[in-house]
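Notes follow the structure.
Next up, the structure:
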């Protein structure tokens with residue numbers, strides 16, 4: 795085995811695997827990190843609860859603060875420090891935030907076209923509802939639906955346009971013999 799030294803780390807060549815494995819000097823990586831599963835999302839245990847809940851699709855920082863306030867959980871805790879009962883309370887609040895008196899302005903689905911009620915959707919259901927909404931816009935041929943069909947920008951962003959002058963790079967001409 796041969797070794798090469800660098801300023802920050804030392805690389806060791808292993809001829810049997812034909813690959814370089816860096817060995818870092820400094821902080822060792824934690825051996826057993828806790829991973830907590832909330833609402834079918836894996837969250838690392840070293841994150842603060844507010845930040846960890848925002849990793850779930852459809853939950854913002856404001857909504858996660860509201861969840862913690864309703865559930866009575868300290869926001870300075872980490873995800874790994876939560877007990878099973880606290881995780882169960884969080885999941886119950888996520889399933890029906892209306893019953894826990896969370897204000898409706900924090901919900902991500904206000905006046906749903908089908909039910910005409912405010913609701914909050916998380917995870918894969920949110921992706922599915924987003925796809926259904928885009929299909930509905932395409933079907934009724936609204937402006938946004940047409941933009942989606944054409945693959946153009948939908949929300950009023952500017953388009954890049956060609957400028958007159960030296961914007962394009964000229965190709966070299968090939969001489970014919």
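In the numbering used here, the protein residues as written are 795 to 971.
All C-beta atoms in this analysis are idealised placements derived from N, C-alpha and C, irrespective of residue type, glycine included.
Computed from a predicted model, the values in this text were never measured in an experiment.
Spatially closest choice to residue i from the options, by CA coordinates
i	options	result
residue 906	895, 896, 893 and 920	920
residue 828	873, 852, 855 and 935	873
residue 894	935, 865 and 929	865
residue 836	917, 909, 949 and 858	917
residue 851	868, 902 and 944	902
residue 986	832, 838 and 839	No information on residue 986 is available, as it lies outside the stretch 795 to 971 that the chain covers here.
Cβ separation of residue i and residue j, assumed to be a contact under 8 Å, to the nearest whole Å
i	j	result
residue 860	residue 922	That belief does not hold up - the Cβ atoms of residue 860 and residue 922 are roughly 24 Å apart, past 8 Å.
residue 855	residue 844	6 Å
residue 847	residue 858	4 Å
residue 948	residue 881	37 Å between Cβ atoms; not a contact.
residue 928	residue 914	With a Cβ gap of about 20 Å, residue 928 and residue 914 do not count as contacting.
Residue i in three-state terms, based on DSSP
i	result
residue 903	strand
residue 936	coil
residue 913	strand
residue 795	Summary for residue 795: the model assigns pLDDT 48, below 50, so the residue's position carries little reliability; its value from the coordinates is reported in the next sentence. Coil.
residue 898	helix
residue 847	helix
residue 946	coil
residue 955	coil
residue 968	coil
Residue interval of the alpha helix (DSSP H) (run including residue i)
i	result
residue 933	918 to 933
residue 864	855 to 865
Check: residue i C-beta below 8 Å from any heavy atom of the ligand ATP
i	result
residue 832	Ligands are entirely absent from the displayed structure, and the ligand ATP is therefore not among its contents.
Element boundaries [beta strand (DSSP E), containing residue i]
i	result
residue 882	Here residue 882 belongs to no beta strand (DSSP E); instead the alpha helix (DSSP H) covers 878 to 889.
According to DSSP, residues forming a beta bridge with residue i
i	result
residue 842	872
residue 831	836
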